[in-house]
Amino acid sequence: HVGHFTVNANITLSRQSFGITHYKQYPPNISKIYSYFECRRKKGSQFNEVVFFGLQYLLKKYLTGPVVTEEKIQEAKLFYQMHFKQVVFDEEGWRKVLEKHDGRLPIRIKAVAEGRIIPRGNVLFTVENTDPNFYWLTNYIEFHILHMDSMVLIQVTAFSQSETPCF
Numbered sequence: 503h504v505g506h507f508t509v510n511a512n513i514t515l516s517r518q519s520f521g522i523t524h525y526k527q528y529p530p531n532i533s534k535i536y537s538y539f540e541c542r543r544k545k546g547s548q549f550n551e552v553v554f555f556g557l558q559y560l561l562k563k564y565l566t567g568p569v570v571t572e573e574k575i576q577e578a579k580l581f582y583q584m585h586f587k588q589v590v591f592d593e594e595g596w597r598k599v600l601e602k603h604d605g606r607l608p609i610r611i612k613a614v615a616e617g618r619i620i621p622r623g624n625v626l627f628t629v630e631n632t633d634p635n636f637y638w639l640t641n642y643i644e645f646h647i648l649h650m651d652s653m654v655l656i657q658v659t660a661f662s663q664s665e666t667p668c669f
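Quick note: the sequence shown uses my numbering, first residue 503, plus one each step.
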């Protein structure tokens, strides 16, 4: 399934069709993007706290080390050519990640400690690019990480029912 992390995860494949064209939508002269994730909920809602959990697993399993390869670039190029019937994939951008950073993503991710009980509305993690030429990676990567939201929500429900962290 495209976009869902698997044993052979290909980070160059986006979870949504529109995600692959985000790089074209930034204004000129952008060099730094700082993005954050929070668990939003209106005050007075059923759950006011979350137990932050799951990010380290995703980072270590899918985003550590060289994650961009020539094979993955070619797979994405072919997939998007067939899907869109036109060239929309940023082959040049991904190839520069491969060549300049040996396939490692030039991003920095910071997060609160996993297992902590955090009031909703607070930042749980941030993502930023570390190379000004790869500003477009920040939101692209954050978007991929967001599938962890279901793990966070599970921890919200379980924590609320037991009043103790469930890990």
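No residue lacks a Cβ here, since even glycine has one placed at the ideal position from N, Cα and C. Predicted model, so just to flag it, every value in this text is computed and none were measured.
Exercise. If we ignore side chains and look at the alpha-carbon of each, how far apart do residue 621 and residue 537 end up?
Worked result: Taking the straight line from one Cα to the other gives about 19 Å.
Exercise. Which one of 647, 630 and 645 has the shortest CA to CA distance from residue 532?
Worked result: Closest by alpha carbon: 630.
Exercise. What do you get for residue 563, buried or exposed, if any count of 16 or more other CB atoms within 10 angstroms of its CB means buried?
Worked result: exposed
Exercise. Whose CA, out of 528, 550, 647 and 529, lies closest to the CA of residue 623?
Worked result: The option with the nearest alpha carbon to residue 623 is 550.
Problem set entry | Beta-carbon proximity list for residue 637, same chain, < 8 Å, skipping 5 on both sides | Hits under 8 Å: 528, 532, 533, 534, 535 and 631.
Problem set entry | Collapsed DSSP secondary structure at residue 554 in the structure displayed | coil
Exercise. Whole-angstrom Cβ separation of residue 643 and residue 600, contact assumed at under 8 Å?
Worked result: Under the criterion of beta carbons closer than 8 Å, residue 643 and residue 600 do not qualify as touching, at roughly 16 Å.
For this session: Locate the alpha helix (DSSP H) running through residue 599, then write down its first and last residues.
Result: 593-603
Problem set entry | Own chain partners of residue 597 with C-beta closer than 7 Å, once the 5 adjacent residues on each side are dropped | 575
Exercise. Which one of 515, 547, 558 and 524 has the shortest CA to CA distance from residue 626?
Worked result: 558
Problem set entry | Spatial distance of residue 566 from residue 582 (CA atoms) | 25 Å
Exercise. Cβ atoms of residue 554 and residue 618: under 8 Å apart, would you say?
Worked result: yes
Exercise. How big is the Cα-Cα spacing for residue 633 and residue 647?
Worked result: One C-alpha to the other measures close to 20 Å.
For this session: Please classify residue 621: does DSSP put it in a helix, a strand, or coil?
Result: strand
For this session: Consult DSSP for residue 631 and reduce its assignment to one of helix, strand or coil.
Result: strand
Exercise. Can you tell me whether residue 539 is buried or exposed, with buried defined as 16 or more other CB within 10 angstroms of its CB?
Worked result: buried
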